[in-house]
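Residue numbering for the sequence shown follows this note's numbering, starting at 301 and increasing by one per position.
All C-beta atoms, glycine included, are put in the ideal place defined by N, C-alpha and C.
Written out below as structure tokens is the structure these notes cover.
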Amino acid sequence: MLALARRLTENQVVRFLLLGGTAAAINWIVRFPLAAIMPMPAAVVIAYMIGMSAGFGLYRKYVFPGSNRPVVEQTATFIGVNIVGAVVVLALTTLLLQVVASSHWPIVVQEGFAHGIAIGIGAVINFFGHKQLTFRLAPTARPAE
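Here you go:
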């Protein structure tokens with residue numbers, strides 16, 4: 301069992317999903333105390349930023365280590381990739397809700413299904429966006445000949 305866990309954590313996609321889930325959990329948990337001291341919309345936004353910051357640090361250190369791009373560039377690209385991912389998740393959720401609207405499922409099931417599928421697709425987009433853009437290696441300068 302320990303060998304399986306070790307092999308799984310050596311897989312970059314598994315690390316991405318585990319640490320992304322950790323960042324999402326941080327986002328969710330932090331919102332509760334924040335909502336006790338500020339309006340709910342502000343608590344959601346701040347909790348999202350805290351979760352996103354945790355995700356950035358975790359991805360940078362454990363999923364995509366070794367990028368030689370400046371941290372400022374990584375941060376800006378990270379935010380951009382997450383914005384694209386959020387738009388995709390919202391659009392897909394809306395589209396999938398229309399697809400399942402004629403089903404006889406309760407609305408809570410329809411919404412959960414649509415959002416869950418959209419989150420899965422968004423995770424794939426985020427993985428490749430962060431791998432190919434956020435944490436990619438910067439081209440090295442060629443020496444003059």
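Item to complete: Run the CB neighbour count on F356, radius 10 Å, all protein chains shown included, and call it buried at 16 or more, exposed below.
Response: Under the 10 Å beta carbon count, F356 is surrounded by 16 or more other beta carbons and is classified as buried.
Worksheet item: Three-state secondary structure (DSSP) at W328?
Response: If DSSP states are grouped into helix, strand and coil, W328 belongs with the helices.
Worksheet item: Do you know offhand how far A295's Cα is from H404's?
Response: A query on residue 295 cannot be resolved here, the shown segment of the chain reaching from 301 to 445 and no further.
Discussion item. Could you compute how far the alpha carbon of G366 sits from the alpha carbon of F378?
Written reply: G366 and F378: Cα-Cα distance of roughly 16 Å.
Worksheet item: Which runs of the alpha helix (DSSP H) spanning at least 4 residues fall entirely within the region 347 to 430, listed in chain order?
Response: DSSP runs (the alpha helix (DSSP H)) wholly in the region 347 to 430: 371 to 400 and 407 to 429.
Worksheet item: Using CA coordinates, which residue listed in M301, Y362 and A343 is at the minimum distance from Q312?
Response: When each option's Cα is compared against that of Q312, the closest is Y362.
Fill in: Euclidean distance between Cα positions of F428 and M352
In this structure, the CA atom of F428 is about 17 Å from the CA atom of M352.
Discussion item. Buried or exposed, going by whether 16 or more other CB atoms sit within 10 Å of the CB of N327?
Written reply: It counts as buried.
Fill in: C-alpha distance - V345 paired with F332, whole-angstrom precision
For V345 and F332, the distance between alpha carbons rounds to 12 Å.
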